[in-house]
Amino acid sequence: MLRNKIPMKMKKIVIFWFIFTLVNFALALLSLQVRDVWSLSSLVWFPAGLLQGIFCARAPRYWPVWLITGALIALTASQWYGRPVNVSLIFSCINVMMLVVTALIWQFFYGVMRAPKRAREIISLTVLCSLSGIIERFTAKWILHLSGYPTDISVSLPIVVGSVLSYLPFTLFVISCITYEKNRVENWKIYGLWLVALFAMTALFISPPPETGKIHWQGIALLFSFSLPMLLALSGNLLVLSSFLSLCTVGIVSATIFGLGPFSSPLTNLQQNVQIAAWYSTALTLPALLYCSYLSNIINALHQRKARLLLMRAMLDQEQVNCFRLNANGHLYWHHNGSAWMRCGKAPASWSQLMAWVHQEDRHKIEQLKNSVSQIPQTLKVRIADGKGEFNLVIIALIVHVGEDAGFIEGTIREIVNIKSK
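The numbering of the sequence shown is full-length UniProt numbering, which starts it at 1 and goes up by one.
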């Protein structure tokens with residue numbers, strides 16, 4: 001059995017490596033379509049997102065094969081576009097080195113095989129990648145300057161941060177793929193919404209650029225496009241959202257490069273158009289990712305609480321428990337069959353009728369409990385008639401509603417079995 005699992009695992013790794021190589025090379029060729037003249041660097045570098053995701057999710061012992069593959073792909077793509085060999089080596093080596101440093105810092109704080117599911121973790125990864133990108137660009141410029149290339153050694157923060165944040169969806173997508181839980185229950189409706197949203201974005205960015213000086217439907221569609229990732233974020237599924245954002249980022253930049261979409265303006269040069277497209281992708285990406293992580297934590301917490309409540313309900317069904325709601329007029333609404341009141345008789349319809357069942361010595365106590373009720377549950381032991389001339393000792397708990405049902409009091413009465421009082 002073990003012998004069969006090892007070849008199967010190796011086959012999956014080889015297939016994943018082959019797909020990674022093809023996608024990485026295609027993204028490298030796309031990224032090199034537009035370069036900054038004064039720094040010799042690409043305005044966007046999507047392959048860094050794939051490598052960063054692998055380095056952040058996998059243990060360092062798995063890095064060498066991906067590191068070598070990524071560096072060779074960067075060198076090959078750079079030579080394809082006619083870069084000098086030493087320039088290609090400088091960019092590929094510094095890029096890989098900073099990705100490794102970023103991943104080591106991430107794993108130092110968050111560990112291996114850890115997907116950033118909290119908003120704080122996504123912000124930390126964003127800041128870490130941004131700082132890494134700034135250092136990488138500054139180092140590369142200085143090395144090129146010292147090597148005699150006519151480069152501007154100043155660093156434009158908007159360009160660098162926009163470049164780094166444009167590949168952030170790829171990083172989160174790769175991390176989500178590697179850390180995906182197979183036993184997770186999927187809601188297939190979200191994939192239908194994913195297809196509709198992707199179709200809408202494709203229609204927006206493959207259309208010809210708008211005419212100058214006229215209000216075009218693309219401008220209005222751009223405003224509404226921000227709602228699409230937010231709708232996908234409602235699922236709390238980071239894998240689905242990051243895959244959509246990755247495809248959108250590639251599509252937006254590609255459309256702009258080839259003269260399509262709302263960001264392809266004849267009044268500005270291609271570099272400026274791509275920068276605007278990259279920042280639009282960032283504005284589309286970051287709020288949706290933070291919103292998704294926030295909702296994901298809420299959904300997980302609700303699932304846990306639902307499971308606990310179901311367990312509690314299963315246990316309480318075996319005991320004599322009565323749950324009710326009391327409105328401001330003193331009317332009682334029971335959450336059970338009205339005939340199942342203390343094993344006899346009909347449940348009281350008002351607070352005054354309930355007080356008639358309570359032992360005379362305990363009535364003032366329960367009235368005090370009602371008057372002091374708050375958002376924190378309060379409990380009290382009282383005696384309630386059993387309809388047979390005796391009193392049963394019960395525990396009553398009250399809590400007040402807030403929000404839409406403000407003023408209502410929720411209550412529970414639980415009988416303490418085998419304890420009688422007179």
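Using N, Cα and C, we set each Cβ at its ideal position, and we do this for glycine too.
(message) Does the region 188 to 205 come into contact with the region 238 to 247, if we say contact requires no fewer than three beta-carbon pairs (one atom in each stretch) closer than 8 Å?
(response) yes
(message) Are the CB atoms of residue 144 and residue 85 within a distance shorter than 9 Å?
(response) Along the sequence shown, one-based indexing puts residue 85 at 85. Along the sequence shown, one-based indexing puts residue 144 at 144. Against a cut-off of 9 Å, the Cβ pair of residue 144 and residue 85 comes out as no contact.
(request) Alpha carbon to alpha carbon, how far is residue 289 from residue 142? Give it in angstroms, no decimals. (result) Along the sequence shown, read from residue 1 onward, the residue named residue 142 stands at position 142. Along the sequence shown, read from residue 1 onward, the residue named residue 289 stands at position 289. Distance between the alpha carbons of residue 142 and residue 289: 34 Å.
(message) Which runs of the alpha helix (DSSP H) at least 4 residues long sit entirely within the region 203 to 248? Give them in chain order.
(response) 217 to 225 and 227 to 233
(request) Return the residue from the list 357, 270 and 373 that minimises the CA-CA distance to residue 388. (result) Numbered from its first residue, the sequence shown carries residue 388 at position 388. Nearest of 357, 270 and 373 to residue 388, Cα basis: 357.
(request) Reducing DSSP to helix, strand and coil, say where residue 378 ends up. (result) Here residue 378 refers to the residue found at position 378 of the sequence shown. Residue 378 falls in the strand class under three-state DSSP.
(message) Let me check understanding here. Comparing Cα to Cα, which of 126, 363 and 256 lies closest to residue 208?
(response) Taking the first residue of the sequence shown as 1, we reach residue 208 at position 208. Measuring from the Cα of residue 208, the nearest candidate turns out to be 256.
(message) Looking at the strands, I want to know which residues DSSP matches up with residue 194.
(response) What you label residue 194 is simply residue 194 of the sequence shown in a count that begins at 1. Partner(s): none; residue 194 has no beta bridge.
(request) Give me the Cα-Cα distance between residue 56 and residue 104, rounded to the nearest whole angstrom. (result) Walking along the sequence shown from the start, residue 56 turns up at place 56. Walking along the sequence shown from the start, residue 104 turns up at place 104. When rounded, the distance between both Cα atoms is 8 Å.
(message) Going by DSSP, what residue range makes up the alpha helix (DSSP H) through residue 66?
(response) Start at 1 with the first residue of the sequence shown, and residue 66 comes out as number 66. It spans 63 to 80 - the alpha helix (DSSP H) in which residue 66 sits, taken as one unbroken run.
(request) Look at the Cβ atom of residue 294, then the Cβ atom of residue 119, and state whether they are nearer than 9 Å. (result) Within the sequence shown, the letter at position 294 stands for residue 294. Within the sequence shown, the letter at position 119 stands for residue 119. Cβ distance < 9 Å, so residue 294 and residue 119 count as in contact.
(message) Considering only their Cβ atoms, is the gap separating residue 140 from residue 94 smaller than 9 Å?
(response) Counting from one through the sequence shown, the residue named residue 94 turns up at place 94. Counting from one through the sequence shown, the residue named residue 140 turns up at place 140. Yes.
(message) Going by DSSP in three states, residue 10 sits in which element: helix, strand or coil?
(response) Here residue 10 refers to the residue found at position 10 of the sequence shown. The answer is helix: DSSP assigns residue 10 an H, G or I state.
(message) Taking a contact to mean a Cβ-Cβ separation below 9 Å, would you say residue 232 touches residue 194 in this structure?
(response) In the sequence shown, residue 232 corresponds to position 232, counting from 1. In the sequence shown, residue 194 corresponds to position 194, counting from 1. Contact flag set, yes.
(request) Look up residue 400 in the DSSP assignment and say whether it is helix, strand or coil. (result) By one-based count along the sequence shown, residue 400 stands at place 400. Residue state, collapsed to three classes: strand.
(message) Taking only three categories from DSSP, how would you classify residue 99?
(response) Locating residue 99 in the sequence shown gives position 99, where the first residue counts as 1. In this structure, residue 99 counts as helix in the three-state DSSP scheme.
(request) Could you spell out the range, first to last residue, of the beta strand (DSSP E) harbouring residue 161? (result) Taking the first residue of the sequence shown as position 1, residue 161 is located at position 161. From DSSP, residue 161 is part of no beta strand (DSSP E) but of the alpha helix (DSSP H) over 157 to 166.
(request) Figure out for me which residue from 325, 346 and 297 has the closest Cα to the Cα of residue 411. (result) To locate residue 411, count along the sequence shown from 1; it is residue 411. It is 325 whose Cα lies nearest to the Cα of residue 411.
(message) Can you look up residue 132 in the DSSP assignment and give me helix, strand or coil?
(response) Reading the sequence shown from its first residue, position 132 is the one you call residue 132. Helix.
(request) Reducing DSSP to helix, strand and coil, say where residue 333 ends up. (result) Here the question's residue 333 lines up with position 333 in the sequence shown. Strand.
(message) Quick check: the Cα distance between residue 223 and residue 266, rounded to an integer number of angstroms?
(response) Stepping through the sequence shown from its first residue, residue 223 is reached at position 223. Stepping through the sequence shown from its first residue, residue 266 is reached at position 266. About 22 Å.
(message) Suppose the cutoff is 6 Å on Cβ atoms and the five residues either side in sequence are ignored; what does the same chain contact list for residue 92 look like?
(response) The sequence position of residue 92 within the sequence shown is 92, counting from 1. Hits under 6 Å: 71, 74 and 75.
(request) Measuring alpha carbon to alpha carbon, tell me which of 167, 128, 330 and 276 ends up nearest residue 158. (result) In the sequence shown, residue 158 corresponds to position 158, counting from 1. Of the candidates 167, 128, 330 and 276, the one whose C-alpha sits nearest the C-alpha of residue 158 is 276.
(request) Consult DSSP for residue 179 and reduce its assignment to one of helix, strand or coil. (result) Translated into the one-based positions of the sequence shown, residue 179 becomes position 179. Note: residue 179 maps to coil in three-state DSSP.
(message) What does the Cβ neighbour count give for residue 308, buried or exposed, with the cut at 16 atoms within 10 Å?
(response) Within the sequence shown, the letter at position 308 stands for residue 308. Exposed: under 16 other Cβ atoms inside 10 Å.
(message) Can you look up residue 392 in the DSSP assignment and give me helix, strand or coil?
(response) As a first step, residue 392 is located in the sequence shown; it is residue number 392 there, counting from the start. The answer is strand: DSSP assigns residue 392 an E or B state.
(request) Using 10 angstroms around the beta-carbon of residue 339, count the other beta-carbons present and answer buried if the total reaches 16, otherwise exposed. (result) Working through the sequence shown from its first residue, we reach residue 339 at position 339. Summary for residue 339: the model assigns pLDDT 47, below 50, so the residue's position carries little reliability; its value from the coordinates is reported in the next sentence. Residue 339 comes out exposed.
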